[in-house]
Amino acid sequence: MISYDEAVDLVTSHLTSLPPVNVPLAEAGGKILAENIPAEFDLPPADCSAMDGYAFARSGLESSQDLREVGFVPAGSCFSGPVATGEAVRIMTGAPLPPGCDTVVPMEEVVVKDGLIQVPTPPPRGSNVRYRGEEIKTGATVLAAGSQLYSGSIGLLAAAGRDHVSVYPAPRVAILSTGDELVELGEKPDSGKIVNSNAHMLAARLREEGFLPELLGIARDNRQDLESRLRRGLACDLLITSGGISVGDHDYVQEILTQLGFEKIFWKVAIKPGKPILFGRIGTLPVFGLPGNPAASAATYELLVRPALRILAGYQDPLAPRLRVRLLEAVKGGGQRQQFIWGQLVIDNGELCLLPSQIRSSGQNRSLHGAQALLPVAIGSPDLAAGSHAEVILLRLPPGPLLQSAPC
Ligand code: AMP
Ligand code: MG
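Under my numbering, the first residue of the sequence shown is numbered 326, with each subsequent residue one higher.
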């Protein structure tokens with residue numbers, strides 16, 4: 326059986342990003358930029374005032390000399406007339422500096438008396454001026470390909486006048502649940518049935534990351550239903566199935582995928598939870614068969630599907646970041662497979678710590694609620710003592726201040 330690291334290498338080496346698309350800037354937030362953006366003009370476009378105040382020529386001005394107001398320039402206008410030494414133009418933030426002026430004194434630092442502007446302490450030459458091109462010069466790179474577009478990046482691109490940009494699209498992800506025991510959300514689960522929770526958990530996680538889930542419903546444990554529903558997922562960018570990939574009597578997923586042209590890359594990884602995970606391709610479509618148990622589905626999503634989706638979405642760093650934390654409670658050592666334990670991040674004595682979930686059953690959803698990290702425990706590792714340090718895989722930042730709440 327391959328190790329987790331080998332599985333990650335196989336996933337990442339078999340995938341490339343989706344073809345870029347040109348989108349309006351308003352739709353580019355959260356995406357990865359697929360082109361270098363050169364500046365088409367200087368920012369700011371001219372030397373301009375950084376304050377509401379008075380623009381004047383500092384050179385030649387005696388200390389505390391009075392200035393005579395000769396004009397007014399609001400933001401968005403220009404004052405073209407010459408401004409001589411000893412004269413000033415009332416200027417608003419962002420307005421271009423009138424010709425001859427090199428300094429702005431803020432409104433709050435002058436006294437206007439008898440039509441004259443008294444400047445008790447004239448600021449040094451160049452004060453309160455934003456210079457043309459000081460933020461970005463024409464031709465310089467505003468943002469490089471591979472940048473993630475946060476709100477600040479969108480503001481920067483808008484300021485640089487880009488109304489469309491080339492980005493990697495959000496992958497569309499088909500999710501097929503399988504199992505005769507499942508009922509849809511909203512139906513009453515009686516006589517041995519359970520609600521199809523995996524599809525909703527996975528869809529919510531995909532949306533959290535800006536990916537686009539498409540639910541294919543529940544395929545019953547028979548070949549016809551599996552095949553017709555799987556076919557509907559073939560037009561997406563990635564296909565996830567949940568359940569039906571173990572060695573149970575009704576585990577037909579792999580067989581039907583193979584009929585549809587599936588090329589298996591691996592099946593079974595030495596991890597706990599999630600051992601039966603299946604990965605391969607139908608043509609260029611990546612396909613993941615996740616185990617049905619909720620914590621196994623969720624863990625294999627984080628450990629293997631998420632990196633795959635990040636590659637499709639153009640991320641240059643597909644793996645989740647790792648953080649060093651102190652363990653607040655002891656964790657039992659590794660067995661035959663690498664374990665991944667859900668945990669909550671908390672600050673204790675000013676240090677980032679992990680409160681490991683005590684729930685180890687992969688059949689439970691409870692350990693997933695409130696988890697912000699996964700703690701990998703190596704095969705054969707000794708027990709990890711409370712107070713010792715370990716690296717965790719960061720899944721998300723904790724909400725609000727890092728205060729300890731109910732354990733997950
Ligand atoms: P399987 O991998 O198909 O053998 O499923 C293992 C167990 O996972 C099943 O007995 C169910 O308890 C659970 N399970 C399977 N699919 C789902 C699902 N979509 N939502 C919640 N639990 C599931
Ligand atoms: Mg099943």
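For each residue, glycine too, the CB sits at the ideal point set by N, CA and C. Keep in mind it's a predicted model, so treat the numbers as computed, not measured.
Straight-line gap, residue i to residue j (C-alpha atoms, nearest Å)
i, j, result
"glycine 586", "isoleucine 607", "5 Å"
"isoleucine 581", "proline 611", "15 Å"
"alanine 469", "isoleucine 362", "6 Å"
"leucine 693", "valine 346", "35 Å"
"alanine 465", "cysteine 373", "20 Å"
"glycine 411", "phenylalanine 381", "8 Å"
"leucine 541", "leucine 628", "23 Å"
"arginine 457", "aspartate 367", "6 Å"
Cβ neighbour criterion (16 or more within 10 Å) applied to residue i
i, result
"glycine 558", "buried"
"glycine 504", "buried"
"serine 567", "buried"
"isoleucine 672", "exposed"
"alanine 710", "exposed"
"tyrosine 475", "exposed"
"isoleucine 570", "buried"
"alanine 353", "buried"
"serine 472", "buried"
"phenylalanine 397", "exposed"
Residue j beta carbon less than 8 Å from that of residue i
i, j, result
"glycine 430", "proline 448", "In the sequence as presented, glycine is not what sits at residue 430; that position holds valine. It is a contact, given that the beta carbons lie within the stated cut-off."
"alanine 621", "glycine 599", "yes"
"alanine 413", "leucine 392", "yes"
"isoleucine 718", "leucine 699", "yes"
"methionine 417", "proline 445", "no"
"alanine 359", "tyrosine 493", "yes"
"glycine 616", "glycine 688", "One point to set straight first is that residue 616 is proline, not glycine, in the sequence displayed. No, the Cβ-Cβ distance between proline 616 and glycine 688 is not below 8 Å."
"methionine 432", "glycine 378", "yes"
"valine 702", "glutamine 661", "no"
"leucine 482", "valine 467", "yes"
Residue i: CB within 7 Å of a non-hydrogen atom of the ligand MG
i, result
"histidine 694", "no"
"aspartate 546", "yes"
"histidine 575", "yes"
"glycine 599", "no"
heavy atom of the ligand AMP below 7 Å from residue i C-beta
i, result
"serine 571", "yes"
"glycine 504", "yes"
"leucine 507", "yes"
"isoleucine 519", "yes"
"alanine 524", "yes"
"serine 338", "no"
"glycine 542", "no"
"glycine 464", "no"
"asparagine 618", "yes"
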